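Undergrad:
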Amino acid sequence: MNKREVISGENAKVTDSEYEHLNKLNLAGWLEHHQQNVVFDKVSWMGIPTWKNVLDLWIYQELIFKVRPDILVEMGSFKGGSTLYLAHLMENIGHGRIVTVDIDHTNFIVSHDRIMTLTGSTQDPEVITQIKNICADARVMIIHDADHRKDMVLADLYTYADIVSEDSYFIVEDGVVDLFPRQTLLGGALGGPGPLPAIREFLENDRRFVVDRDCERYQLSYNPNGYLKRICG
Ligand SMILES: C[S@@+](CC[C@H](N)C(=O)[O-])C[C@H]1O[C@@H](n2cnc3c(N)ncnc32)[C@H](O)[C@@H]1O
1 MNKREVISGE NAKVTDSEYE HLNKLNLAGW LEHHQQNVVF DKVSWMGIPT
51 WKNVLDLWIY QELIFKVRPD ILVEMGSFKG GSTLYLAHLM ENIGHGRIVT
101 VDIDHTNFIV SHDRIMTLTG STQDPEVITQ IKNICADARV MIIHDADHRK
151 DMVLADLYTY ADIVSEDSYF IVEDGVVDLF PRQTLLGGAL GGPGPLPAIR
201 EFLENDRRFV VDRDCERYQL SYNPNGYLKR ICG
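Position 77, counted from 1, in the sequence shown is what this note's numbering calls 77; the numbers after and before it change by one each time, with no gaps.
(1) Please report how far the alpha carbon of Asn-37 lies from the alpha carbon of His-105, in whole angstroms.
(2) For Ile-199, report the span of its alpha helix (DSSP H) as first-last.
(3) Would DSSP call Met-1 helix, strand or coil?
(4) Using 10 angstroms around the beta-carbon of Glu-126, count the other beta-carbons present and answer buried if the total reaches 16, otherwise exposed.
(5) Within a Cβ cutoff of 7 Å, which residues of the same chain sit near Leu-186, ignoring the five residues on either side of it in sequence?
(6) Can you check the segment 66 to 126 for any alpha helix (DSSP H) of at least 4 residues that lies completely inside it and give the ranges in chain order?
(7) In the DSSP assignment, find the unbroken alpha helix (DSSP H) run with Lys-150 in it and report its ends.
(8) Pull up the distance between the alpha-carbon of Asp-113 and that of Val-73, whole angstroms please.
(9) Kindly indicate which three-state DSSP category Thr-15 falls into: helix, strand or coil?
(10) With DSSP run on the structure shown, which of helix, strand or coil describes Tyr-227?
(11) Measure the CB-CB distance between Phe-235 and Ala-146 and report whether it falls below 9 Å.
(12) Is the beta carbon of Lys-150 less than 9 Å from the beta carbon of Gly-194?
(13) Check for me: the beta strand (DSSP E) holding His-144 runs from which residue to which?
(14) Under 8 Å: do the segment 36 to 50 and the segment 204 to 211 share three or more Cβ pairs, one atom per stretch?
(15) Count the other C-beta atoms from every protein chain shown that fall within 10 angstroms of the C-beta of Trp-45, then say buried if there are 16 or more, exposed otherwise.
(16) For ligand 1, is there a heavy atom less than 8 Å away from the beta-carbon of Gly-81?
(17) Do you know how far the Cα of Asp-212 is from the Cα of Phe-108?
(18) Is the beta carbon of Leu-55 less than 9 Å from the beta carbon of Tyr-158?
(19) Just to check my reading of the structure: Met-75 and Val-101 have Cβ atoms closer than 8 Å, yes? What is that Cβ distance to the nearest angstrom?
(20) Are the CB atoms of Ile-98 and Ile-59 within a distance shorter than 9 Å?
(21) Is any non-hydrogen atom of ligand 1 found closer than 8 Å to the C-beta of Glu-74, if you look at the structure I gave you?
(22) Measuring alpha carbon to alpha carbon, tell me which residue in Trp-51, Ala-138, Leu-118 and Gln-61 is nearest Glu-91.
(23) Among residues of its own chain, excluding the 5 on either side of Pro-69, which ones have a beta-carbon nearer than 7 Å to its beta-carbon?
(24) What's the call for Asn-2, buried or exposed, on a 16-neighbour Cβ count within 10 Å?
Below, the structure written as structure tokens:
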């Protein structure tokens with residue numbers, strides 16, 4: 001038994017043998033650990049709960065800096081942690097606004113000059129019209145984190161693909177659930193097919209978009225095949 005100890009946090013002691021155990025986790029083990037113990041109550045941005053894998057958030061930072069969207073449409077707001085994170089990125093580059101859509105904004109607890117909320121379903125005709133009006137003639141990026149069931153994701157992809165600008169992205173989150181067996185925590189999250197088969201079906205029918213696999217370079221992404229780059233008009 002290795003006796004060497006490391007002091008961490010509030011006097012917690014972690015032995016080398018515990019680290020050796022952790023080092024044997026594979027990527028799937030890490031993702032299940034993250035889903036069970038981290039994502040829903042231990043990720044926050046400026047104190048606001050944020051249901052994200054932070055390795056994906058880093059990629060969002062890179063894409064926003066590179067694309068400089070005028071409008072970022074966020075589908076699925078929840079408490080607003082991700083919305084505020086995106087607003088702060090835009091504040092830092094001095095450009096862009098976020099339109100965040102949710103069927104229910106009673107949980108939403110953030111406000112910022114760059115954030116506008118829209119309440120309703122992404123498939124509500126009034127919401128669709130409002131988003132399309134706001135995005136007319138703008139450089140647009142979309143992050144989809146709303147209803148993750150296959151049919152809804154596919155409907156949202158077909159409804160909103162046109163407004164994504166060339167060289168910008170339609171990010172479809174949480175396809176990771178489709179990579180795990182149904183009896184696991186991640187695989188059982190939806191109880192049916194999710195974003196990944198929707199993405200695949202969409203890409204067969206819309207050749208303007210390709211998967212930018214470089215955005216998955218950290219490997220531990222919740223968005224496999226989910227960084228859709230528009231390559232032509
Ligand atoms: C995973 S949470 C969003 C988390 C948030 N983006 C974050 O990272 O902290 C999904 C949200 O989508 C909303 N939602 C579900 N179906 C929707 C729909 N059809 N249209 C708009 N929002 C929807 C839910 O109310 C919920 O707040």
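Every residue gets a Cβ at the ideal spot worked out from N, C-alpha and C, and that includes glycine.
Keep in mind the model is a prediction, meaning the values are calculated, not measured.
TA: On the basis of the data shown:
(1) Indexing the sequence shown from 1 puts residue 37 at position 37. Indexing the sequence shown from 1 puts residue 105 at position 105. A straight-line Cα-Cα distance of about 25 Å links Asn-37 and His-105.
(2) Numbered from 1 along the sequence shown, position 199 holds the residue referred to as residue 199. It spans 195 to 205 - the alpha helix (DSSP H) in which Ile-199 sits, taken as one unbroken run.
(3) On the sequence shown, residue 1 is found 1 positions in, with the first residue counted as 1. Residue confidence is low: Met-1 scores 41 on pLDDT, short of 50, so the model does not pin down where it sits. Its coordinate-derived value is still stated next. Coil.
(4) Translated into the one-based positions of the sequence shown, residue 126 becomes position 126. With fewer than 16 Cβ atoms within 10 Å of its Cβ, Glu-126 is classed as exposed.
(5) Stepping through the sequence shown from its first residue, residue 186 is reached at position 186. Cβ within range, chain order: Leu-31, Glu-32, Gln-35, Val-176, Val-177 and Phe-180.
(6) Counting only runs of at least 4 residues, the segment 66 to 126 fully encloses the following alpha helix (DSSP H) elements, listed from N- to C-terminal order: 81 to 93.
(7) On the sequence shown, residue 150 is found 150 positions in, with the first residue counted as 1. Boundaries of the alpha helix (DSSP H) harbouring Lys-150: 150 to 160, taken from the DSSP string.
(8) In the sequence shown, counting from the first residue as 1, residue 113 sits at position 113. In the sequence shown, counting from the first residue as 1, residue 73 sits at position 73. When rounded, the separation of the alpha-carbon atoms in Asp-113 and Val-73 is 15 Å.
(9) Here residue 15 refers to the residue found at position 15 of the sequence shown. Thr-15: strand per DSSP, three-state reduction.
(10) Indexing the sequence shown from 1 puts residue 227 at position 227. Strand, per DSSP.
(11) An answer regarding residue 235 cannot be provided, because it is not within the stretch 1 to 233 covered by the chain.
(12) Position 150 of the sequence shown, counted from the first residue, corresponds to residue 150. Position 194 of the sequence shown, counted from the first residue, corresponds to residue 194. Result yes, Cβ atoms of Lys-150 and Gly-194 sit closer than 9 Å.
(13) On the sequence shown, residue 144 is found 144 positions in, with the first residue counted as 1. Boundaries of the beta strand (DSSP E) harbouring His-144: 140 to 144, taken from the DSSP string.
(14) As far as the Cβ criterion goes, the segment 36 to 50 does not touch the segment 204 to 211, which means the pair count is below three.
(15) As a first step, residue 45 is located in the sequence shown; it is residue number 45 there, counting from the start. The residue is buried, with at least 16 neighbouring Cβ atoms inside 10 Å.
(16) Locating residue 81 in the sequence shown gives position 81, where the first residue counts as 1. Yes; taking the cut-off as 8 Å, the Cβ of Gly-81 has a heavy atom of ligand 1 nearer than that.
(17) Along the sequence shown, read from residue 1 onward, the residue named residue 108 stands at position 108. Along the sequence shown, read from residue 1 onward, the residue named residue 212 stands at position 212. Their backbone Cα atoms lie some 31 Å apart in a straight line.
(18) For the purposes of this step, residue 55 is taken as residue 55 along the sequence shown, with counting starting at 1. For the purposes of this step, residue 158 is taken as residue 158 along the sequence shown, with counting starting at 1. Cβ distance not < 9 Å, so Leu-55 and Tyr-158 don't count as in contact.
(19) Start at 1 with the first residue of the sequence shown, and residue 75 comes out as number 75. Start at 1 with the first residue of the sequence shown, and residue 101 comes out as number 101. Contact holds; Cβ gap of about 5 Å.
(20) Within the sequence shown, residue 59 is the residue found at index 59, counting from 1. Within the sequence shown, residue 98 is the residue found at index 98, counting from 1. Contact: no.
(21) For the purposes of this step, residue 74 is taken as residue 74 along the sequence shown, with counting starting at 1. Placement of the Cβ of Glu-74 at a distance of less than 8 Å from at least one heavy atom of ligand 1 is found.
(22) In the sequence shown, counting from the first residue as 1, residue 91 sits at position 91. That would be Gln-61, whose Cα lies nearest to the Cα of Glu-91.
(23) Against the sequence shown, residue 69 aligns to sequence position 69. Within the same chain, Gly-96, Arg-139, Val-140, Met-141 and Ser-168 come within 7 Å of Pro-69 by CB-CB distance, once the 5 residues on both sides are set aside.
(24) Position 2 of the sequence shown, counted from the start, is the residue given in the question as residue 2. Legend: pLDDT at Asn-2 = 44, less than 50; position of this residue unreliable, no value from coordinates given.
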